[in-house]
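So for the sequence shown, our numbering puts the first residue at 3; every next one is plus one.
We put the CB at the ideal spot given by N, CA and C, even for glycine.
Everything below concerns the one structure shown next.
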Amino acid sequence: WLRTISIILFLNKQDLLAEKIRAGRSRLEDSFPDFARYQTPLDATVEPGEDPEVVRAKYFIRDEFLRISTASGDGKHYCYPHFTCAVDTENIRRVFNDCRDIIQRMHLRQYELL
Numbered sequence: 003w004l005r006t007i008s009i010i011l012f013l014n015k016q017d018l019l020a021e022k023i024r025a026g027r028s029r030l031e032d033s034f035p036d037f038a039r040y041q042t043p044l045d046a047t048v049e050p051g052e053d054p055e056v057v058r059a060k061y062f063i064r065d066e067f068l069r070i071s072t073a074s075g076d077g078k079h080y081c082y083p084h085f086t087c088a089v090d091t092e093n094i095r096r097v098f099n100d101c102r103d104i105i106q107r108m109h110l111r112q113y114e115l116l
């Protein structure tokens with residue numbers, strides 16, 4: 003299903019993920035063996051003081067969704083991932099920009115301009 007549509011993906015509750023990773027309660031490699039070999043992307047945005055293992059975990063989860071959503075390879079479907087937590091006030095601006103991008107791409111494809 004993710005392969006046939008454009009989506010805005012909210013990876014919410016990043017604060018809880020960080021808490022579980024730091025406490026050792028969540029071991030992604032137990033459910034996702036590929037995580038053991040996963041390297042954090044060089045262009046990853048790291049918040050000041052953020053645990054590198056937490057950054058690696060959240061980008062791994064993001065990249066799994068990106069891999070699935072772009073697997074068709076037709077270039078018509080996009081995934082717009084956002085790391086969020088309840089206190090992130092910039093979400094609305096990012097969502098608006100992503101919605102605008104999706105709508106523009108739909109119209110450009112409809113008129114065979116893309």
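- Take the alpha-carbon of Arg39 and the one of Arg107: they are about 35 Å apart.
- Between the alpha carbons of His79 and Phe85 lies a distance of about 20 Å.
- For the options Ile10, Arg27 and Arg69, the alpha carbon positioned closest to that of Leu18 is the one of Arg27.
- The continuous stretches of beta strand (DSSP E) do not include Phe37, and DSSP gives it neither H nor E.
- The continuous stretches of beta strand (DSSP E) do not include His79, and DSSP gives it neither H nor E.
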